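**Student:** Here the sequence shown stands for residues -17 to -1, 1 to 230, where the numbers follow mature numbering (1 follows the signal peptide of the UniProt record, and there is no 0). Just so it is clear, CB atoms sit at the ideal spot from N, CA and C, and this is done for glycine as well. What you are looking at is a predicted structure, and each value in this text was computed from that prediction instead of being measured.
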Amino acid sequence: MKLLIFGVILIATHTGAQDLEKRPAVCYTQWFDRDNPTGNGDYETLKDLRAEYPKKICSKPLTIQAATLTGVPAESIGQVFQVYDTVLGFACVNSQQKNDECCLDYKVRFGCPCPWPPIKPEVDTGNMKLLIFGVILIATHTGAQDLEKKPVCYTQWFDRDNPNGNGDYETMKDLRAEYPKKICSKPLTIQAATLTGVPAESIGQVFQVYDTVLGFVCVNSQQKNGECCLDYKVRFGCPCPWPPTQA
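#1: Provide the residue span of the alpha helix (DSSP H) that contains K156, from first to last.
#2: Does the pairing of the stretch 202 to 215 with the stretch 143 to 157 give three or more beta-carbon distances under 8 Å?
#3: Under the three-state reduction of DSSP, which class applies to R33: helix, strand or coil?
#4: Decide if D83 is buried, meaning its Cβ has at least 16 other Cβ atoms within 10 Å, or exposed.
#5: At which residues does the beta strand (DSSP E) containing P56 begin and terminate?
#6: If you follow the beta strand (DSSP E) that G148 is in, where does it begin and where does it stop?
#7: Are residue 236 and F141 touching if we call contact CB-CB under 8 Å?
#8: According to DSSP, simplified to helix, strand and coil, what is L120?
#9: For D25, which three-state DSSP category applies?
#10: Should R218 be labelled buried (16 or more other beta-carbon atoms within 10 Å of its own) or exposed?
#11: Give me whichever residues DSSP pairs with I90 in a beta bridge.
#12: Out of P96, W14, C86, state which residue places its alpha-carbon closest to the alpha-carbon of Q191.
#13: Among A50, V135, N208, C223, which has the Cα closest to the Cα of F93?
#14: Of the residues F199, T12, S185, C136, which one's Cα is nearest the Cα of residue 246?
#15: Just the C-alpha distance for S42 and T12, rounded to the nearest angstrom, thanks.
#16: Could you check the C-alpha separation between I166 and R159 for me, to the nearest Å?
#17: Taking the alpha carbon of C75 as the point to measure from, which residue in I40, G22, T46 has its own alpha carbon closest?
#18: On a Cα-Cα basis, can you pick out the residue from C201, Q206, A183 that is closest to E58?
#19: From T69 to G187, what does the alpha carbon distance come to, in whole angstroms?
#20: If the criterion is Cβ atoms closer than 8 Å, does the pair T179 and G220 meet it?
#21: Is it buried or exposed for Y26, if we count other Cβ within 10 angstroms and need 16 for buried?
#22: For a test of the three-state rule: what should DSSP assign to V106, helix, strand or coil?
#23: Roughly how many whole angstroms lie between the Cα atoms of K39 and W99?
#24: For N110, which residues from the same chain have a beta carbon less than 6 Å from its beta carbon, with the 5 sequence-adjacent residues on both sides left out?
#25: When the Cα of D88 is compared with those of Q79, P101, G54, S78, which residue comes out closest?
#26: What three-state label does DSSP hand K216 in the structure shown?
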């Protein structure tokens, strides 16, 4: 797979279950809130966050979470997010919301490989060329004007596995095989939740994979106190319109 997503080249190699279990546990940064929705919207972009909070975000985030200032997960609000990923960060644009409403004020945090903060300071890579578990990310600058062109529409929820055995594997490879043409070729973001709708980030379990390239994996052996993963469902944010309009 070689995908061009907003100036980001993703080159993915096959990753099996044995490889997935080698991925590091996730430790979270502090919450960041550098902008408010006055004007065009709420822009919590990685470029700006790194500038305002040097060395506070790892160079290779594994996942991103956004929430209102009162702690409500962004996915539960129902607003449109122009950017919501680990390469560009988060952006909510006022002009894309329904009924002329404005974006709420959001905060974001990032999941980093444990331990975080690191024992030794990280070196920021600037223009990123990162090797992450067989995925090369080459990021270029994307301004606010570019971000406004990319509204997000969500797929259905998928639940192809359960946590019996090794864990809950909702991998992109398996989901595409079981649900052909139901997921866009270039997902912008991924969301995971329990079958009852609780966002995965709120549960406190360790996720070995949680990204738009490989999908979602929770491995039983990595959980605390010998507990097993819960049963999760996932969905993906795609460029609107999704499903695509038929001619």
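**Tutor:** Let's see:
#1: 155 to 161 is the span of the alpha helix (DSSP H), which, as asked, contains K156.
#2: These segments touch.
#3: DSSP places R33 in helix when its eight states are reduced to three.
#4: Counting other Cβ atoms within 10 Å of its Cβ, D83 stays below 16 and is therefore classed as exposed.
#5: Per DSSP, P56 belongs to no beta strand (DSSP E) and is neither H nor E.
#6: No beta strand (DSSP E) contains G148, which DSSP labels as neither H nor E.
#7: The first residue shown for the chain is -17 and the last is 230, placing residue 236 beyond what the model contains.
#8: Reliability of the predicted coordinates at L120 is poor, the pLDDT of 35 falling under 50, and the value obtained from them is presented with this limitation in mind. Residue state, collapsed to three classes: strand.
#9: Strand at D25.
#10: Answer is buried; the Cβ neighbour count reaches 16.
#11: In the sequence as presented, Ile is not what sits at residue 90; that position holds Lys. For K90, which the question treats as bridged, DSSP gives the partners A50.
#12: Selected option, being the one with the closest Cα: P96.
#13: Between F93 and the set A50, V135, N208, C223, the nearest pair of CA atoms involves A50.
#14: Residue 246 is absent from the model: the chain starts at -17 and stops at 230.
#15: Put simply, the backbone Cα of S42 is about 12 Å away from that of T12.
#16: Computed Cα separation, rounded: 7 Å.
#17: Answer by Cα proximity: G22.
#18: For E58, the nearest C-alpha among the options comes from A183.
#19: Between the C-alpha atoms of T69 and G187 there is a straight-line separation of about 19 Å.
#20: Between T179 and G220, the CB-CB gap reaches or exceeds 8 Å.
#21: Y26 is buried by the Cβ-count criterion.
#22: In this prediction, V106 scores a pLDDT of 42, lower than 50, which makes its location untrustworthy; no coordinate-derived value is stated.
#23: Taking the straight line joining both Cα atoms gives about 9 Å.
#24: For N110, the pLDDT reaches just 40, beneath the cut-off of 50, and the residue's location in the model is therefore unreliable, leaving the point undetermined.
#25: Of Q79, P101, G54, S78, the smallest CA-CA separation from D88 is found for G54.
#26: Note: K216 maps to strand in three-state DSSP.
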